[in-house]
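Structure record follows, encoded as structure tokens.
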Amino acid sequence: MWQVRGDVFIRKRQRCATFRVVLSGRKAWHHQSRRVIKDNDNLPARTDGSYKAVAELPKNYDPNGVEPQWYQRWLAAGAFRADAKSAKPPFSIVIPPPNVTGMLTLGHVLNNTIQDILARRARMRGCEVLWLPGMDHAGVATQTAVEKWLRKNENVGRRELGREEFIRRVWDWKEKHGGIIIEQLKRLGCSCDWSRERFTLDDGYSRAVQRVFVELHKKGLIYRGRRMINWDPVALTALSDEEVIPTPTKSALYYVRYQSTERPEEYLEVATTRPETIMADVAIAVHPADERYQTRVGQKVWRPLAREPIPVIADEAIDPKFGTGILKVTPAHDQLDFEIGTRHKLPAIDVLSDDGRISCPAVPELHGLDRFAAREKAAEILRERGLLSKTEPHESNVGFSERAGVPIEPRLSEQWFLHYPKTREALRVVQWGAISRRRVQVVSATGHEFHGSNMRELRKAAVAYARRHQFLGSSFVNEETKLRLRVGRGSLSHIFSNRGGANIRAIAVLPELIRTAIWTSTQPHDPPNPLVKHVHHFLAAFSLGGELYRVQVIAKEFHDGTIYYDHKAKKRARGGKSLEAHLPREKLDTQPAPNATLSVNELTDAVNAAIRFFPAHWEKVYAQWLENIRDWCISRQVWWGHRIPAWYRGGEMCVQIDSPGENWVQDPDTLDTWFSSWLWAFETMDAETRAKFYPTSVLVTAADIIFFWVARMIIAGLEFKPGTSQRDEDNIPFRDVFFTGLIRDKQGRKMSKSLGNSPDPLELMAKYGADGLRFGLMRMAPSGQDIRFDEKQIEEGRNFATKLWNVARFRQMHGPSQRELQLNSNELSIYAIELLARLNETIAATEASYGEYQFNAVAQRLYDFVWGDFCDWFVEAGKTDIFGDDPARKNSALATMDYVLSAIVRLLHPFMPHVTDELWSRLGFAARENDFLDFVSILQPFDLGEKSRVQTARARVRAIYSAVEVGRNLRAEARLPSNRKARYALRADLPWAREQSATLSRLLNAESLVIEPHFQPPPGASVSAITLGELFLLRDESDRAGEIERLNKEIAKLETDLKGTEAKLANSAFTQRAPAAVVEEHQRRRDDLTTRLAQLRQARASLD
RNA sequence: GGGCGGUUAGCUCAGUGGUAGAGCGGCUGGUUUACACCCAGUAGGUCGGGGGUUCGAAACCCUCACCGCCCACCA
2 MWQVRGDVFI RKRQRCATFR VVLSGRKAWH HQSRRVIKDN DNLPARTDGS
52 YKAVAELPKN YDPNGVEPQW YQRWLAAGAF RADAKSAKPP FSIVIPPPNV
102 TGMLTLGHVL NNTIQDILAR RARMRGCEVL WLPGMDHAGV ATQTAVEKWL
152 RKNENVGRRE LGREEFIRRV WDWKEKHGGI IIEQLKRLGC SCDWSRERFT
202 LDDGYSRAVQ RVFVELHKKG LIYRGRRMIN WDPVALTALS DEEVIPTPTK
252 SALYYVRYQS TERPEEYLEV ATTRPETIMA DVAIAVHPAD ERYQTRVGQK
302 VWRPLAREPI PVIADEAIDP KFGTGILKVT PAHDQLDFEI GTRHKLPAID
352 VLSDDGRISC PAVPELHGLD RFAAREKAAE ILRERGLLSK TEPHESNVGF
402 SERAGVPIEP RLSEQWFLHY PKTREALRVV QWGAISRRRV QVVSATGHEF
452 HGSNMRELRK AAVAYARRHQ FLGSSFVNEE TKLRLRVGRG SLSHIFSNRG
502 GANIRAIAVL PELIRTAIWT STQPHDPPNP LVKHVHHFLA AFSLGGELYR
552 VQVIAKEFHD GTIYYDHKAK KRARGGKSLE AHLPREKLDT QPAPNATLSV
602 NELTDAVNAA IRFFPAHWEK VYAQWLENIR DWCISRQVWW GHRIPAWYRG
652 GEMCVQIDSP GENWVQDPDT LDTWFSSWLW AFETMDAETR AKFYPTSVLV
702 TAADIIFFWV ARMIIAGLEF KPGTSQRDED NIPFRDVFFT GLIRDKQGRK
752 MSKSLGNSPD PLELMAKYGA DGLRFGLMRM APSGQDIRFD EKQIEEGRNF
802 ATKLWNVARF RQMHGPSQRE LQLNSNELSI YAIELLARLN ETIAATEASY
852 GEYQFNAVAQ RLYDFVWGDF CDWFVEAGKT DIFGDDPARK NSALATMDYV
902 LSAIVRLLHP FMPHVTDELW SRLGFAAREN DFLDFVSILQ PFDLGEKSRV
952 QTARARVRAI YSAVEVGRNL RAEARLPSNR KARYALRADL PWAREQSATL
1002 SRLLNAESLV IEPHFQPPPG ASVSAITLGE LFLLRDESDR AGEIERLNKE
1052 IAKLETDLKG TEAKLANSAF TQRAPAAVVE EHQRRRDDLT TRLAQLRQAR
1102 ASLD
């Protein structure tokens, strides 16, 4: 790749060698086994040899060696097996079954990594976990694959073999070639219970599908009906919709004149692209509101070919703007026409044969012609008769056959249909389903509390209470509610997380209906604004002056106790669009809306709006589907490509599982793929398993199959009631549905085989390890949004695993880890306190993100903590103690490392199961053989003791770290190479800082560090003003001009900041209306800037 | 046509009302007793345009533009 341009030379220095190769002007460093000699240097000599109990960490982490080993160990120990008899709380997922013919794609990696994370995390939380794997035969895909294989190996087709034999071959094929993807999932580390693996062609499963078919037929829900199918006139087979490629095609629009039967001088003109099907016309149609033709409706016209009178009808489906606004109705050869024909009870006349030729003896000129030749001919005939007024070019989408590459022919065929059961219920329950099973509590303004396990129960109780008491709440916010506000804790994510808990407060009950507000507050984690203690979200809907408002209020509670509100009110207009409406703050803060009402539906709305991970638009999407709902065509003529067999047309039909006897032939139709998949969530489980694990905890899938699969599984659950009770909540197959995004390439295109833009995950794993791939992908995968794939991100995942490995290695070099993980909080250094406090924050933040299924946030947070807080800062600062000669300090630093490493490894385990288990075991944390992290509980926050002490320590560490950053910057500005020791001085009157000078020196790579209250800098020193005081870099050579320029720049920046801050403080609107804490913060900022500015100006003046 | 989502640094993306962030890439310096798959520093952004609400908007509302997805239609 790179041209070697320069010389290769070797430098030897100290105890390691480095190759430096100059490549096309870039530098590349090839590292040669550094420190081979040194590996044991720092291990304390132990006479008892105890350190050997912990195997030394190899210098390089080799995921390809380590990962498969761990997978084998997990399998051998049965770690993934789900025990239906277990007393632990259940957690279950059914895998969206990949096609048996499939290969692992990045989409699978994303999807299954998420499931694995959820499963492993649930195990760590003490759940009995069932992750049920399996594969789908997916009809066409498998058929095609097996057919190809048969052609190649035995040179037979499926028709020759017959159905029974062919199905046997499918099994053969599956045993030999299918299910590669399962092995690939294992490579990824998926913790499925493989002993329960299912296949949708399994005997039991297929029988269940048949049973369901028979059952629904008996109920009258499955029936036979005519429907348009996609016919390929060359391949002579029906095609599934996926095999039809809509292609923009240039054609002509023929304007054909239909003569009125009553007034022969009058014609109605029809624009059509298919004049060759005129013989099959059974009517012409106009829009009922089309004034041009209103008088014509009910009259008759002459069909121009195969001349017969046909009616003029009116139908809403006609687009008056297209062509002449008149449509010829040809039910046998067009989907829309078929529907119109059905509505108007018109017959269907078929004038096309199987192979796409005209079959119409009544018009001998066209009979037997190919459809395209017939089109020309028909136009010609019409022109001769003066019935073709004009033609014009036209472009439209024509469906082309994927197989033969010719336009498909829509044609009528008998198909099996399912009238959807339980659709309405599904919509209703899905709304509640999103929030069911979480413990919720409603509190009235009088303090009356309602308890219930789901919103529906609560609603009932609340409504009953409201009716009984005619109670009017005093205000949205009053003393009482403020009080509750402090009681209520936990963000929405917590409410809806698995942990549950009584976190919702619905307040206030009104006459007639209820007015509801939902309070919640975020944890005080990671606040964008450090002054804010909690952020409270408040959702409500109410009516005011006859208008319905929906309000979202965001209230911030500051540390000083003040609460500040932010709110918007939204009026829902009739058209479904929203209009903006603002309420004066006072109305919400201090006065109740006089006639506020909230219907039960709005309560649902408000709650649903709050469920962010379960997309709020789900309802709308689902409602949209409901509008378009039709009966489900469950058969597809794809297996054999036959037309309707003669036996069916006049014969007897018997729907049952087993053949009634000798003279019966099985219907050759195959069922729609989804017809077997909709039972997946429960037919894969036996009765005992179902009792324990159904409904499942979560379904992880891409959003594109909501209609095909997710919605149908819900309907199946409601219809067949596999749950433990008859209640809907116990039968909807999953509690949460998490929609992943689609993975696209860097240009934003969908991954596809034809574009060749889909990287092979196995290659990625070979390059970066399964853990690297998993972590890299999760870190860039925002929930529900499409992901642009970039291999760089995977590389980062690998780098992160290596980083983790190396910091563990560093720890291990200083002796074995403590197994007990006991930390004495009184002996902790301030750096340890800061680190442990950050760890606590990280635990809280990741918990919160998990609750919202924000895996990218979890990954990013852990990445930052490990790399930044732990490696870059704590370990570097801790080296003072670790390399120092005070054994107590050293032990404390190492113990802190142990504690935090063990926490990190646990926190990361769901994302990177292999490397974490490897470290857990290698570092000696594992108590015994097979002590897998899957079954180790996640660490609780560390109790750091007295709050003020912690705050002081943290403030000091932050001051030190920022001093380090400033000092390093001074060094770089002074062009002092980072490996050269530098001399620093700090002008500050801070005795505690002196105690930290060793660490400060180390982090600054200082030769010397003077800390004095009245330090007088020698000439040539450069200076920067920081919170601690003034930091000087002492230099031998003075660069006055450079220093002046640098100071000018820094002064200018501070001046700008100060100006902005002062302007704000001078604004009386700000000081009066902004919360006190914010104002105070600005004042502090102003003071700090003023001080630093003065110091810098003085330094600047001394240079003149 | 209906619905939904997106637009923040060169790239991939975080950021739910209080001083614009990360990683990669760029540039500078670097083997510093874990890590060159690394370390330190640094440049780079009128947060798609316009309007509104607010003391304060990348964030909330409206609107326009562009990109994308789903559903329907394409005579």
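Numbered according to the working numbering, the first sequence spans residues 2 to 1105. All C-beta atoms, glycine included, are put in the ideal place defined by N, C-alpha and C.
Taking only the alpha-carbon atoms, compute the straight-line gap between residue 1014 and residue 894 and give it to the nearest angstrom. 30 Å
Using only alpha-carbon positions, find the residue among 1104, 701, 64 that is nearest to residue 1019. The option with the nearest alpha carbon to residue 1019 is 1104.
Residue 419, DSSP secondary structure in three states: strand
What runs of the beta strand (DSSP E), each 3 residues or longer, lie entirely inside the region 325-370? Secondary structure within the region 325-370: the beta strand (DSSP E) runs of 3 or more consecutive residues, fully enclosed, are 327-330 (chain order).
In whole angstroms, give me the CA-to-CA distance for residue 937 and residue 875. 25 Å
Distance CB(residue 264)-CB(residue 282) smaller than 7 Å: No, they are not a contact pair.
Measure from the alpha carbon of residue 214 to the alpha carbon of each residue in 1085, 825, 675, then state which is nearest. 675
Starting from residue 899, follow the beta strand (DSSP E) in both directions and report where the run begins and ends. Taken as a continuous stretch (DSSP letters only), residue 899 belongs to no beta strand (DSSP E), being part of the alpha helix (DSSP H) at 888-909.
To the nearest angstrom, how far is the alpha carbon of residue 694 from that of residue 167? Going by the C-alpha atoms only, they are around 36 Å apart.
Taking only runs of the alpha helix (DSSP H) that begin and end inside the region 818-872, which ones reach a length of at least 4 residues, in chain order? 831-852, 856-864
Helix or strand or just coil, what does DSSP make of residue 1033? strand
When the Cα atoms are used, what is the spatial distance from residue 365 to residue 405? 29 Å
Whole-angstrom C-beta distance between residue 857 and residue 781, which should lie under 8 Å: Yes, they are in contact, since the Cβ atoms of residue 781 and residue 857 sit about 7 Å apart, within 8 Å.
To the nearest angstrom, report how far apart residue 804 and residue 1075 are at their CA atoms. 45 Å
Report, in whole angstroms, the separation of the C-beta atoms of residue 317 and residue 288, which I expect to be a contact under 8 Å. 7 Å
Given residue 955, which residues of its chain have a CB within under 7 Å of its CB, disregarding the five upstream and five downstream residues? Contacts found: 834, 835, 838.
Which residues bound the alpha helix (DSSP H) around residue 206? 204-219
Sorted by chain position, which residues of the same chain lie with C-beta nearer than 8 Å to residue 172's C-beta, five sequence neighbours on each side aside? 202
Among 125, 257, 386, the one whose alpha carbon lies nearest that of residue 848: 125
Closest Cα partner of residue 108 within the set 788, 730, 909, 792: 788
Are the region 868-884 and the region 968-982 touching by the rule of at least three beta carbon pairs closer than 8 Å? no
Beta-carbon proximity of residue 1097 to residue 1058, cut-off 7 Å: no
Would you say the region 79-89 touches the region 715-723, given that touching needs at least three Cβ pairs under 8 Å? no
Residue 237 vs residue 231 beta-carbon contact at 7 Å: no
Cα-Cα separation, residue 810 to residue 703: 40 Å
Answer yes if the region 219-228 comes into contact with the region 268-276, meaning at least three C-beta pairs across the two stretches below 8 Å, and no otherwise. no
CA-to-CA distance, residue 1094 to residue 1052, given in whole angstroms: 6 Å
Give the DSSP bridge partners of residue 136, in chain order. DSSP lists 200 as the bridge partner or partners of residue 136.
If you reduce the DSSP assignment to three classes, tell me which class residue 741 lands in. strand
Nearest to residue 204 by CA position, among 658, 880, 921, is which residue? The shortest CA-to-CA distance from residue 204 to any of 658, 880, 921 is the one to 658.
Could you tell me if the beta carbon of residue 882 falls within a distance shorter than 6 Å of some heavy atom in the ligand ZN? No copy of the ligand ZN appears in this structure; indeed no ligand is present at all.
Looking at the structure shown, is residue 1077 part of a helix, part of a strand, or coil, going by DSSP? Note: residue 1077 maps to helix in three-state DSSP.
Residue 358 vs residue 338 beta-carbon contact at 7 Å: no
On a Cα-Cα basis, can you pick out the residue from 352, 314, 212 that is closest to residue 275? 352
Could you check the C-alpha separation between residue 1147 and residue 868 for me, to the nearest Å? Residue 1147 is absent from the model: the chain starts at 2 and stops at 1105.
State yes or no: is the C-beta of residue 273 within less than 7 Å of the C-beta of residue 329? yes
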